[in-house]
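Reading through the structure tokens given below for one structure.
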Amino acid sequence: MIHLLSSKKKVGLPPGSVVFTGDRKVEKIHLHYLQYNEQEIEEQTVDSETITSFHQPVEDYIQWYDIRGLHDTAIIEEIGKVFKVHPLALEDIADTYQRPKLDEYEEGVFITLKAFTFDKIQRKVKLEQVAFYLGEGYLLTFQEDATDLFEAIRARLKNGRGRIRKRGADYLLYALIDTVIDQYYIALEEVEQVVEEIERDIIERQSRENRTKIYDLKQEMLLIRKTTIPLRELSSQLMDTENELIHENTEPYLRDLRDHIIQTLDLIETYRENLNSLQDLHLSELSFQMNTVMQVLAIVSTIFIPLTFLAGIYGMNFEHMPELQWKYSYFVLLGTMAVLLVAMIWIFKRKKWL
Amino acid sequence: MIHLLSSKKKVGLPPGSVVFTGDRKVEKIHLHYLQYNEQEIEEQTVDSETITSFHQPVEDYIQWYDIRGLHDTAIIEEIGKVFKVHPLALEDIADTYQRPKLDEYEEGVFITLKAFTFDKIQRKVKLEQVAFYLGEGYLLTFQEDATDLFEAIRARLKNGRGRIRKRGADYLLYALIDTVIDQYYIALEEVEQVVEEIERDIIERQSRENRTKIYDLKQEMLLIRKTTIPLRELSSQLMDTENELIHENTEPYLRDLRDHIIQTLDLIETYRENLNSLQDLHLSELSFQMNTVMQVLAIVSTIFIPLTFLAGIYGMNFEHMPELQWKYSYFVLLGTMAVLLVAMIWIFKRKKWL
Amino acid sequence: MIHLLSSKKKVGLPPGSVVFTGDRKVEKIHLHYLQYNEQEIEEQTVDSETITSFHQPVEDYIQWYDIRGLHDTAIIEEIGKVFKVHPLALEDIADTYQRPKLDEYEEGVFITLKAFTFDKIQRKVKLEQVAFYLGEGYLLTFQEDATDLFEAIRARLKNGRGRIRKRGADYLLYALIDTVIDQYYIALEEVEQVVEEIERDIIERQSRENRTKIYDLKQEMLLIRKTTIPLRELSSQLMDTENELIHENTEPYLRDLRDHIIQTLDLIETYRENLNSLQDLHLSELSFQMNTVMQVLAIVSTIFIPLTFLAGIYGMNFEHMPELQWKYSYFVLLGTMAVLLVAMIWIFKRKKWL
Amino acid sequence: MIHLLSSKKKVGLPPGSVVFTGDRKVEKIHLHYLQYNEQEIEEQTVDSETITSFHQPVEDYIQWYDIRGLHDTAIIEEIGKVFKVHPLALEDIADTYQRPKLDEYEEGVFITLKAFTFDKIQRKVKLEQVAFYLGEGYLLTFQEDATDLFEAIRARLKNGRGRIRKRGADYLLYALIDTVIDQYYIALEEVEQVVEEIERDIIERQSRENRTKIYDLKQEMLLIRKTTIPLRELSSQLMDTENELIHENTEPYLRDLRDHIIQTLDLIETYRENLNSLQDLHLSELSFQMNTVMQVLAIVSTIFIPLTFLAGIYGMNFEHMPELQWKYSYFVLLGTMAVLLVAMIWIFKRKKWL
Amino acid sequence: MIHLLSSKKKVGLPPGSVVFTGDRKVEKIHLHYLQYNEQEIEEQTVDSETITSFHQPVEDYIQWYDIRGLHDTAIIEEIGKVFKVHPLALEDIADTYQRPKLDEYEEGVFITLKAFTFDKIQRKVKLEQVAFYLGEGYLLTFQEDATDLFEAIRARLKNGRGRIRKRGADYLLYALIDTVIDQYYIALEEVEQVVEEIERDIIERQSRENRTKIYDLKQEMLLIRKTTIPLRELSSQLMDTENELIHENTEPYLRDLRDHIIQTLDLIETYRENLNSLQDLHLSELSFQMNTVMQVLAIVSTIFIPLTFLAGIYGMNFEHMPELQWKYSYFVLLGTMAVLLVAMIWIFKRKKWL
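Chains A, B, C, D and E, in that order, give the protein sequences.
The opening residue of the first sequence carries number 98 in our numbering; numbering runs sequentially from there.
The opening residue of the second sequence carries number 98 in our numbering; numbering runs sequentially from there.
The opening residue of the third sequence carries number 98 in our numbering; numbering runs sequentially from there.
The opening residue of the fourth sequence carries number 98 in our numbering; numbering runs sequentially from there.
The opening residue of the fifth sequence carries number 98 in our numbering; numbering runs sequentially from there.
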């Protein structure tokens with residue numbers, strides 16, 4: 098069972114109340130700051146104490162504020178005030194059970210989605226809440242965890258080659274989301290592997306675990322699907338927005354992003370159908386096995402129960418049983434039994450039970 | 098079986114006939130009156146006798162009339178006349194089997210929906226009819242029950258902090274609906290818990306109750322879904338209306354409300370699929386168990402029925418059975434039986450039945 | 098099996114051919130005539146002979162022609178000519194297998210639908226064809242049967258209270274359709290009752306009838322659904338039409354009508370899913386029962402077949418069986434058997450078969 | 098298995114290649130020619146040799162060219178040239194696996210669909226390719242077979258009554274398509290009859306054929322559905338076209354045609370669901386029967402296996418078995434067995450197995 | 098299990114990175130060059146070394162560059178630069194796991210899709226990545242493999258007859274895609290054949306392979322469907338584009354292409370439903386067989402177990418068993434047994450088990 102609801106879910110609180118609904122995964126909130134343009138790049142990491150005094154708009158630079166850790170809602174609210182983030186967006190940043198969505202506010206574009214990672218040791222899909230807030234010339238990102246989801250992008254920015262340093266904050270936003278979506282493939286690849294294992298297993302032999310494995314995978318696919326479906330709408334909104342924060346020349350990349358998401362959904366649907374087929378196979382395998390077992394039982398019983406009855410007849414102790422005294426009656430009986438045996442085997446052969 | 102139809106359902110009555118179709122849950126109809134603006138707040142509770150003489154529009158104040166109890170349709174009709182509520186809306190207020198909906202009339206906006214509460218003792222989902230009528234500067238609410246669904250909002254209004262005292266009646270409407278929707282999560286959380294229990298139970302052992310528990314939960318999910326689906330359309334209507342009673346700056350909150358409703362629907366769909374998987378698991382568990390039982394039966398029968406036949410042969414009382422007199426025939430037979438036994442166990446091992 | 102097709106269905110006839118496809122349910126066609134305005138009301142019943150000579154438009158009056166019986170297609174065609182009803186509409190009036198629909202012609206609006214009644218004695222849903230033709234100031238209704246579906250409306254018209262006498266023929270049309278839809282609830286209520294009975298039955302014991310009962314109900318629900326689904330489109334057409342025969346102030350009532358139809362569809366879908374769950378429950382109940390039966394069989398067989406084999410061994414008549422002469426071998430064997438018995442019971446207990 | 102693909106399907110041929118993909122059903126292609134107006138009608142039948150020299154536009158007459166037989170693609174291409182039919186349309190005329198569709202070309206409207214006939218002897222649904230090409234004042238029809246699908250229409254034209262002689266070629270097109278659709282009902286009626294037979298059969302007894310009968314019907318329904326679904330779009334295109342070849346006053350008839358098609362689809366969906374219910378019933382019937390069989394087996398085994406064991410005990414040949422010498426031990430044992438028997442029957446009764 | 102994901106899938110690479118994700122199927126990349134107009138045609142094949150120096154626009158000629166082999170991404174990128182193909186399109190050319198799609202760029206139209214071939218020896222569907230890039234007067238095609246998918250078109254171009262030499266590069270694009278789609282039918286035909294084999298097999302006898310065969314076919318159908326569904330959108334985009342590279346007179350052919358794709362989808366859906374029915378048939382066949390087996394077992398057991406018990410009774414060695422001494426008791430017992438046997442057979446006959 099995958100938990101879909103937070104027990105910390107706030108009921109009856111006013112809207113815009115920033116409540117952290119996840120599990121605290123990091124000691125202190127950190128801010129990783131990066132400012133760059135085509136020529137220069139500067140990096141800085143500050144602690145949660147000094148985090149809110151940080152905002153200085155710098156001309157001709159793209160600013161990326163990457164906040165890691167969401168549990169200290171006071172700091173989140175402080176940051177919200179500094180960057181004029183709408184209270185409803187702040188609420189969604191801290192709510193780890195929030196459905197992926199895009200909201201446009203007057204001052205910026207807010208996006209929240211889930212990052213997927215496959216825990217190779219536990220062989221489980223793990224979810225992490227990620228939020229983006231795109232403003233004029235800057236981008237805020239919020240990660241639940243201290244481990245960086247955006248390492249590859251950071252490296253690309255630093256090595257300075259390619260398109261990314263020449264483009265605006267909207268391209269950075271695109272690149273970051275694309276990295277998150279790319280991780281979905283890795284999770285799905287692992288799913289594919291497990292499906293393959295089960296498949297091989299079912300055809301070879303029936304173990305109790307196959308059943309629960311299929312069930313667990315179905316649950317996981319439900320979770321992945323639930324998380325991916327809203328992304329389709331999100332990416333369309335991103336493409337169709339007339340917000341000036343999203344520049345026109347980023348559009349082909351956003352179209353590419355949407356294609357990736359649709360491809361992911363395609364894969365998810367295919368795996369889901371696959372799992373259903375697998376379950377059908379599993380059930381028909383069970384039925385077939387049962388049939389085989391029952392046939393063996395029926396054959397053995399049908400052959401030997403009547404024969405045993407015959408033997409029982411002549412094991413009776415009546416004083417007056419004429420056959421008992423006849424000389425060849427034992428051999429005649431054995432012969433009759435042999436004939437019966439052969440006849441029944443022949444019948445079963447004809448009925449294709451043997 | 099959850100009852101979806103009232104036996105009191107009026108057939109052939111003229112439209113607009115106000116007939117109470119629920120069970121009377123409160124002795125007398127009460128009116129809880131609240132009038133507030135940013136500076137002041139006043140509260141009053143009056144009895145059903147004086148309820149209809151109450152309407153005095155007060156300038157610069159938001160007026161909230163909260164009527165509890167719907168059984169006395171005469172009073173409901175009286176209130177309807179005072180506030181010029183359309184007869185079809187009045188009919189819907191009293192009809193507890195009414196589907197959630199939003200109707201715009203010239204003088205006001207009418208909304209009816211269901212509140213969900215999870216009865217912790219009976220472990221059952223309970224439904225309550227709630228209706229809203231938003232007019233210029235005032236809001237009417239109708240609850241089936243004396244217990245207040247809106248306690249949290251009332252507290253927020255009184256303590257005076259936050260946005261709610263500064264906004265109009267439309268924001269109050271939003272806040273109240275949001276509170277009702279929030280309760281849905283609590284009901285769903287309980288569903289999640291029961292699902293988890295069943296899951297654990299199925300994997301550990303098969304009891305007759307699992308089956309009926311899954312069935313009952315499916316019924317409950319049907320009911321919750323039936324109640325939630327119309328809310329999606331309702332919230333879209335609320336967002337898209339150009340009615341002047343809904344102010345523009347309430348829109349982000351209505352969008353948030355719609356997001357909540359869509360998230361609830363997502364959860365419901367996920368749980369429904371979950372329950373289906375659970376039932377599949379349950380059935381395949383039953384099949385697997387049956388297989389195991391049948392294999393044990395088949396193994397024991399296949400081994401011992403032929404052996405018993407052999408013993409039966411030599412239990413016969415024929416006078417002329419040469420083997421009976423031979424010295425070691427008993428031990429030879431025992432040896433043959435042992436060989437047969439080992440051979441059959443070996444066969445079963447190879448067929449993976451053991 | 099519910100018959101969905103008429104064997105009298107005319108193939109190859111020119112369109113507009115008026116052919117009665119039902120079973121004749123009434124001796125002679127009758128016309129019930131009602132003319133009213135806010136002040137006065139007049140009623141008249143004429144026979145099929147004089148029926149066609151009847152049409153005299155009366156100023157300032159609403160005229161309601163209620164024709165009962167459809168088998169005499171000559172009269173239907175005659176009426177059609179008098180009121181200038183389009184031949185395709187006439188064809189649909191007499192075709193009792195016609196799908197519910199609304200057609201707008203230049204001179205009037207034609208509606209055909211099915212009335213549902215639940216036959217309490219046979220416990221079966223019964224269908225009746227009803228057709229409406231709304232013209233300027235008059236309404237034609239066609240019923241298959243002599244029993245009046247519109248009794249309640251007729252009573253309301255005569256007693257003269259309420260809105261109905263003050264409004265036009267379009268309001269009368271609305272009121273009549275609403276009455277027909279109201280009957281659907283009664284049929285569904287009966288369905289609910291039967292579902293409940295089956296539910297109780299399945300949990301208590303398995304009888305052969307449950308299966309066919311579920312099947313019959315599923316068939317009935319198919320029929321009800323097939324009849325109700327076109328009504329959704331019909332009611333939307335009625336609401337959205339710009340035909341002057343439908344006055345603007347009837348619109349809230351038509352919206353209400355559509356809400357009723359959608360609610361009916363909701364109920365139907367819910368019952369259908371319910372029946373599917375019920376069938377799942379029924380099947381898993383059967384599986385569970387089979388499991389129980391098989392376990393009992395396996396336990397008894399597994400315990401006694403090996404013991405019987407042991408007894409068989411010492412029932413053999415070999416001359417040289419040393420154990421037979423030993424003094425306590427009988428008691429040792431009994432003891433061994435007892436130990437085996439206890440051991441096997443212990444194993445079954447541990448495997449939770451007992 | 099119904100064949101959905103032609104093995105003659107041409108791959109890699111240029112578009113517009115006219116290849117006959119069906120089985121040759123007629124010796125020679127014939128042309129049945131009919132020219133009529135309100136006053137006069139003339140009929141002629143010519144052979145495939147003279148077929149292409151035939152086209153002479155005749156003023157004030159509607160011309161109907163009915164070509165029977167499609168195997169001689171040279172003639173089809175010749176006709177295509179004479180009437181300026183687009184090569185892609187010609188390709189579709191000869192391709193009997195073509196999906197029903199409507200294509201508008203500059204010079205005419207092309208329609209292809211399938212005619213259904215129920216072969217009463219083989220009890221199988223048969224398909225026939227029909228194509229229509231509507232030009233200014235004339236209509237081309239193509240039938241696969243020499244037997245006339247349009248006999249009824251031809252008769253109506255000749256007898257000269259009714260609307261058909263007064264209207265244009267577009268009305269003729271409508272009348273012909275309507276005739277084809279009418280045949281669908283006859284096929285469906287037969288399906289209904291077979292469903293009914295199976296239903297009766299399942300409830301009475303289980304035969305192997307029911308299973309394959311349901312499977313065959315499902316296949317047939319798939320085929321009928323696959324053929325009917327494109328007709329919905331086709332009829333909408335026909336209604337919405339602004340092509341001048343379709344006159345305005347034919348529209349009510351086209352609307353009627355679309356209604357017929359939708360009703361057919363409704364019926365198909367209903368039968369499909371019906372077949373699914375039937376299969377569920379069949380399976381639960383099998384399960385129930387198995388349960389009954391297993392109960393009988395379990396009861397007999399559970400009662401007699403332990404008793405047989407007891408008898409086996411006292412059939413042993415130990416020298417020291419004190420009970421054997423006791424005077425009443427035989428009767429005591431018989432009594433014990435009787436008590437056990439009664440007890441077990443009582444237990445089974447209580448468990449409702451008996 | 099069909100692999101849907103590449104393990105070489107690049108994660109975190111910047112967009113537009115050209116990475117080959119398939120298996121290298123060809124030694125060296127080759128370019129097959131064709132330049133033609135209505136009068137002349139010229140052909141040339143060059144090696145991967147000289148491939149990029151090749152582009153010379155030739156007036157009044159259509160140029161077709163057919164590149165075979167995708168593994169050398171450096172060459173692909175080089176070609177991309179020469180023809181100014183957008184980096185995102187280049188990325189998609191090399192990514193063999195790319196979903197079929199159409200992207201319009203300023204300089205050209207990019208299409209990627211999958212070619213299907215049925216490997217007759219392995220009896221498996223094989224996929225191949227194909228990409229098209231349509232520019233002004235030229236067409237680039239990319240094949241994964243050295244074997245030519247477009248042989249038929251090449252032949253048509255060379256023999257010079259028909260429409261193809263008179264039309265532009267857009268018609269060539271249409272003709273090539275149409276050839277690819279035509280191959281789908283061949284794959285589906287093979288599917289149809291396998292379905293038929295399984296069908297025959299199931300009805301005749303149950304083998305373990307049927308189950309896995311159905312499962313494998315389901316997987317294949319999933320793959321084919323996943324590949325075909327995006328083509329519907331692709332063909333609509335192609336029809337609706339206002340890009341000047343697609344000339345107006347190609348439109349009827351594009352409409353035809355879309356019809357082919359929709360027909361393919363129809364077939365796929367039909368086969369999928371067919372496979373589901375087949376699985377249902379398979380399962381009900383298994384159930385029916387099990388029933389038969391169980392009935393045989395139950396009949397034999399029910400008849401002989403009680404009889405064996407009776408024989409066991411008189412095999413007991415009690416000293417005081419009066420019946421043993423009676424003269425005819427043996428014959429009386431045999432008679433009783435015969436009566437019991439006949440009675441039970443009669444009962445089974447009446448219950449229709451025999």
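Quick reminder that beta carbons are idealized off the backbone N, C-alpha and C, glycines included.
Just list the alpha helix (DSSP H) runs in the region 129 to 198 of chain A, keeping only unbroken ones of 4 residues or longer that don't cross its boundaries, in chain order. 170 to 180, 184 to 191
Taking 8 Å as the CB-CB cut-off, is residue 379/D touching chain E? Counting from 1 along the fourth sequence, the entry for residue 379/D is found at position 282. It does: the Cβ of residue 379/D has a partner Cβ on chain E nearer than 8 Å.
Quick one: which chain B residues come within Cβ less than 9 Å of residue 246/C? Position 149 of the third sequence, counted from the first residue, corresponds to residue 246/C. Those do not exist, as residue 246/C stays about 10 Å from chain B at its closest Cβ, beyond 9 Å.
Run the CB neighbour count on residue 177/E, radius 10 Å, all protein chains shown included, and call it buried at 16 or more, exposed below. Along the fifth sequence, one-based indexing puts residue 177/E at 80. Residue 177/E should be labelled buried.
Who pairs with residue 208/B in a beta bridge, going by DSSP? Counted from its first residue, the second sequence places residue 208/B at position 111. 199/B, 229/B, per the DSSP bridge assignment.
Measuring CB to CB, does residue 401/E end up less than 8 Å from residue 402/A? Position 304 of the fifth sequence holds residue 401/E. Position 305 of the first sequence holds residue 402/A. Yes, these two residues count as a Cβ contact at 8 Å.
So residue 347/D contacts chain C; which residues on that side make the cut at Cβ distance below 9 Å? As a position in the fourth sequence, residue 347/D is number 250, starting the count at 1. By Cβ distance, chain C contributes nothing, its closest Cβ being about 11 Å from residue 347/D, past 9 Å.
Note down, in chain order, every chain B residue with its Cβ under 7 Å from the Cβ of residue 398/C. As a first step, residue 398/C is located in the third sequence; it is residue number 301 there, counting from the start. By Cβ distance, chain B contributes 394, 397, 398.
Run of the beta strand (DSSP E) containing residue 240/D, from where it starts to where it stops: Locating residue 240/D in the fourth sequence gives position 143, where the first residue counts as 1. Counting along the chain, the beta strand (DSSP E) containing residue 240/D begins and ends at 235 to 240.
Would you mind working out which of 336/B, 306/B, 390/B sits nearest residue 379/B, comparing C-alpha positions? Looking up residue 379/B in the second sequence gives position 282. Nearest C-alpha to residue 379/B: 306/B.
Of all Cβ atoms in chain B, is any one closer than 8 Å to the Cβ of residue 321/A? Residue 321/A sits at position 224 when you count from the first residue of the first sequence. No - not a single Cβ of chain B is within 8 Å of the one on residue 321/A.
Go ahead and label residue 325/C buried or exposed: buried means 16 or more other beta carbons lie within 10 angstroms of its beta carbon, across all protein chains shown. Within the third sequence, residue 325/C is the residue found at index 228, counting from 1. Answer is buried; the Cβ neighbour count reaches 16.
Own chain partners of residue 340/B with C-beta closer than 8 Å, once the 5 adjacent residues on each side are dropped: Start at 1 with the first residue of the second sequence, and residue 340/B comes out as number 243. So the list reads 201, 206, once near-sequence residues are dropped.
To the nearest angstrom, how far is the alpha carbon of residue 283/B from that of residue 447/D? Here residue 283/B is taken as the residue at index 186 of the second sequence, counted from 1. Here residue 447/D is taken as the residue at index 350 of the fourth sequence, counted from 1. If you take the alpha carbons of residue 283/B and residue 447/D, they lie about 43 Å apart.
Could you tell me whether any Cβ in chain A is nearer than 8 Å to the Cβ of residue 207/B? For the purposes of this step, residue 207/B is taken as residue 110 along the second sequence, with counting starting at 1. Output row for residue 207/B: interface = no.
Looking only at its own chain, which residues have a Cβ that is under 8 Å from the Cβ of residue 262/B, when we skip the five neighbours before and after it? Looking up residue 262/B in the second sequence gives position 165. The answer, listed in chain order, is 133, 134, 135, 138, 254.
In the region 310 to 342 of chain B, which residue ranges form an unbroken alpha helix (DSSP H) of at least 4 residues, counting only runs that do not cross its ends? none
Any contact between the region 222 to 230 of chain D and the region 271 to 285 of chain D? By contact I mean 3 or more CB pairs, one from each, below 8 Å. yes
Return the first residue and the last residue of the alpha helix (DSSP H) that residue 432/B is part of. To locate residue 432/B, count along the second sequence from 1; it is residue 335. First-last of the alpha helix (DSSP H) with residue 432/B: 426 to 447.
Helix, strand or coil for residue 344/E, going by three-state DSSP, please let me know. Locating residue 344/E in the fifth sequence gives position 247, where the first residue counts as 1. Residue state, collapsed to three classes: coil.
Listed by chain order, chain C residues near residue 374/B by CB distance under 7 Å: Here residue 374/B refers to the residue found at position 277 when the second sequence is read from its first residue. Going along chain C, no residue has its Cβ under 7 Å from residue 374/B, so there is no contact; the nearest lies around 13 Å.
Name the one or two DSSP bridge partners that residue 127/A has. Counting from 1 along the first sequence, the entry for residue 127/A is found at position 30. BP columns for residue 127/A point to 165/A.
I want to see whether chain D comes within less than 8 Å of residue 409/C, judged by CB atoms only; does it? For this step, residue 409/C is matched to residue 312 along the third sequence. Yes, contact with chain D.
So, does the CB of residue 404/E fall closer than 8 Å to a CB anywhere in chain A? Numbered from 1 along the fifth sequence, position 307 holds the residue referred to as residue 404/E. Yes, residue 404/E lies at the interface with chain A (some Cβ there is under 8 Å from its Cβ).
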